[in-house]
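When we follow this note's numbering, the leftmost residue of the first sequence carries the number 822, and every step to the right adds one. Glycine included, C-beta positions come from ideal geometry on N, C-alpha and C. Heads up: the structure comes next, in structure tokens.
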Amino acid sequence: MASVKSIYGYLYDSYGTQGWWPLSGLGMPVNKDDKDWPNYLKANPKGNKDDFIKNWPRHLGIAPKSWKQRFEIIVGAILTQNTSWSNVEKAIYTLNKNKLIDAEKIKKVDQKKLGGLIMPAGYFNQKSRKLKECAEFFSKNKDFDREEVLKIWGVGPETADSILLYAFGKPYFVVDAYTKRILGRAGFKEKSYDDIQRLFMANVDDSVDMYKEYHALIVEHGKSVCLKSRPRCGSCPIAEVCKSRDSFK
DNA sequence: TACCAGGTCCTCG
DNA sequence: CGAGGACATGGT
822 MASVKSIYGY
832 LYDSYGTQGW
842 WPLSGLGMPV
852 NKDDKDWPNY
862 LKANPKGNKD
872 DFIKNWPRHL
882 GIAPKSWKQR
892 FEIIVGAILT
902 QNTSWSNVEK
912 AIYTLNKNKL
922 IDAEKIKKVD
932 QKKLGGLIMP
942 AGYFNQKSRK
952 LKECAEFFSK
962 NKDFDREEVL
972 KIWGVGPETA
982 DSILLYAFGK
992 PYFVVDAYTK
1002 RILGRAGFKE
1012 KSYDDIQRLF
1022 MANVDDSVDM
1032 YKEYHALIVE
1042 HGKSVCLKSR
1052 PRCGSCPIAE
1062 VCKSRDSFK
């Protein structure tokens, strides 16, 4: 039986440092030959390089250093609920072009208009409301605990912990669908969000950087190898400690 | 064509 | 509590 601590080692050796949260770098100097240029062209076939450099999200690989960057993480955490990150990037791009990566502006903008701008991220009626609820809370509160964040409409445990960990550097391990799937297949008995979170927080070095990287590694592993329907057990870095390694082929 | 994607809220047993 | 449905777009 694997331990959560040993799994981290396998994943890190296989995928390396992830540098999460994938902060966009909007408004920051970037390389003209950025590897995200093709993604930008795909989403904006008639777009130009100048617009790409100024506005297209890319992965900075650093912790947030400003209130704007923290708010961008809050926005991303809401928008990525049950939604692929590539769709979220399109919405963040449009929000940025409209100067809306800003709690005060989100509070003021018409909710219908906001919904239209974030349409590619899906669930736009719900998410536009969620963004406004977050803008209200985080512009009003500069010091808060997890319980208060969980009271925001639209913020459940995963979103709350993502915000606390990645935007504010507080030590909460983030549990997502990938975490539940990977642990379940590996043979762990914990099922609920709280039980899984406790499992990690009791067995892994309790540092913010460890929590950030471990969660990011799990997402990478879930996307590239431990797929929902046909996991690639043949090239799985934790196969030797996974109870389900022989259940798929 | 279906299924999947870094969930959450609401309702009902 | 836990299960089941609604919410919506884009990629494969």
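> For Met-822, which of helix, strand or coil comes out of DSSP?
Replying inline: coil
> Which stretch, first to last residue, makes up the alpha helix (DSSP H) that contains His-1042?
Replying inline: 1029-1045
> In or out: Pro-1053 buried (at least 16 other Cβ within 10 Å) or exposed?
Replying inline: Looking at the sequence itself, residue 1053 is Arg, so the reference to Pro does not match. Exposed, by the Cβ-count rule.
>> Which runs of the alpha helix (DSSP H) at least 4 residues long sit entirely within the region 933-997? Give them in chain order.
In response: 945-961, 967-971, 978-983
> Within this structure, are the beta carbons of Pro-843 and Leu-881 separated by less than 9 Å?
Replying inline: yes
> Is the CB-CB distance between Ile-895 and Leu-916 below 9 Å?
Replying inline: no
> From what residue to what residue does the alpha helix (DSSP H) around Ala-912 run?
Replying inline: 906-918
> CA-CA distance, Lys-769 and Tyr-944?
Replying inline: The structure shown does not extend to residue 769, since the chain is modelled only from 822 to 1070, so the question has no answer here.
>> For the pair the region 998-1016 and the region 966-974, tell me if three or more CB-CB distances fall below 8 Å.
In response: no
>> For Asp-982, tell me which candidate among Ser-960, Pro-859, Met-1022, Lys-933 has the shortest Cα-Cα distance.
In response: Met-1022
> Anyone know if the C-beta pair for Val-1040 and Cys-1057 falls short of 9 Å?
Replying inline: no
> What residue range is occupied by the uninterrupted alpha helix (DSSP H) comprising Gln-1018?
Replying inline: 1014-1024
> Can at least three beta-carbon pairs, one atom from the region 856-871 and one from the region 824-834, be found at a separation below 8 Å?
Replying inline: no
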